[in-house]
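Chemist: Below: one structure in structure tokens.
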Amino acid sequence: MDTASSLHHVTELDADIRFGIDDYIRTEMKKQKIPGLSLAIIRNNHIVYGQCYGYSNIEHKVSVKLETMFQSGSMGKQFTAMAIMILVERGEIELDSLIKEYIEDIPKEWKHITVRHLLTHTAGMSDYPDDFNYR
């Protein structure tokens with residue numbers, strides 16, 4: 011899989027470390043049949059290494075690029091929960107506050123939903139409609 015492209019040529023890590031990371035990623039991609047991915051290593055809010063690997067479209071051999079969008083599925087939930095809890099610690103959000111205090115123009119069916127309900131998946135919201143745009 012020789013389709014890696016540099017992420018703004020950010021390579022502040024030693025060459026041996028970069029080689030080890032690239033070797034590991036390529037091995038795991040092959041083993042787990044991962045067609046493509048994008049990687050960024052961030053230290054102190056600064057990208058110290060970034061790389062794109064593989065294909066975003068195998069059939070047409072389209073390489074993963076910086077602009078490639080990936081479906082993250084449920085991965086964002088843990089980061090959202092952590093960010094909310096940081097805001098709770100700072101006193102900027104209260105878990106038992108109604109979401110209408112933070113989100114404008116919510117459907118009337120949501121008027122009794124709290125932040126805690128959203129974080130614990132107990133708000134009683136239905137699944138997304140089939141035509142929901144996930145972007």
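The opening residue of the sequence shown carries number 11 in my numbering; numbering runs sequentially from there. Glycine residues also receive a C-beta, built at the ideal position from the N, C-alpha and C atoms.
For A133, report the span of its alpha helix (DSSP H) as first-last.
Modeler: Segment: none, A133 is in no alpha helix (DSSP H) and carries neither H nor E.
Chemist: Which residue marks the beginning of the alpha helix (DSSP H) containing V74, and which one marks its end?
Modeler: Careful: V74 lies outside any alpha helix (DSSP H) and carries neither H nor E.
Chemist: Which of helix, strand or coil does DSSP assign to I147?
Modeler: Residue 147 lies beyond the range of the chain shown here (11 to 145); nothing can be said about it.
Chemist: Where does L105 fall in DSSP's three states?
Modeler: coil
Chemist: Check whether the Cβ atoms of A50 and G60 lie closer than 8 Å to each other.
Modeler: yes
Chemist: Along the alpha helix (DSSP H) that carries Q88, what are the first and last residues, could you check?
Modeler: 85 to 99
Chemist: Please determine, among L23, E38, E104, S66, the residue with the shortest C-alpha to C-alpha distance to T124.
Modeler: E104
Chemist: Give the C-beta separation of K75 and C62 to the nearest angstrom, bearing in mind that I take them to be a contact with Cβ-Cβ under 8 Å.
Modeler: 6 Å
Chemist: Can you give me the Cβ contacts of Y112 inside the same chain, cut-off strictly under 8 Å, excluding the 5 residues immediately before and after it?
Modeler: I103, V125
Chemist: DSSP three-state label for L49, please.
Modeler: strand
Chemist: In terms of alpha-carbon separation, which member of A25, I94, E77 lies closest to V58?
Modeler: A25
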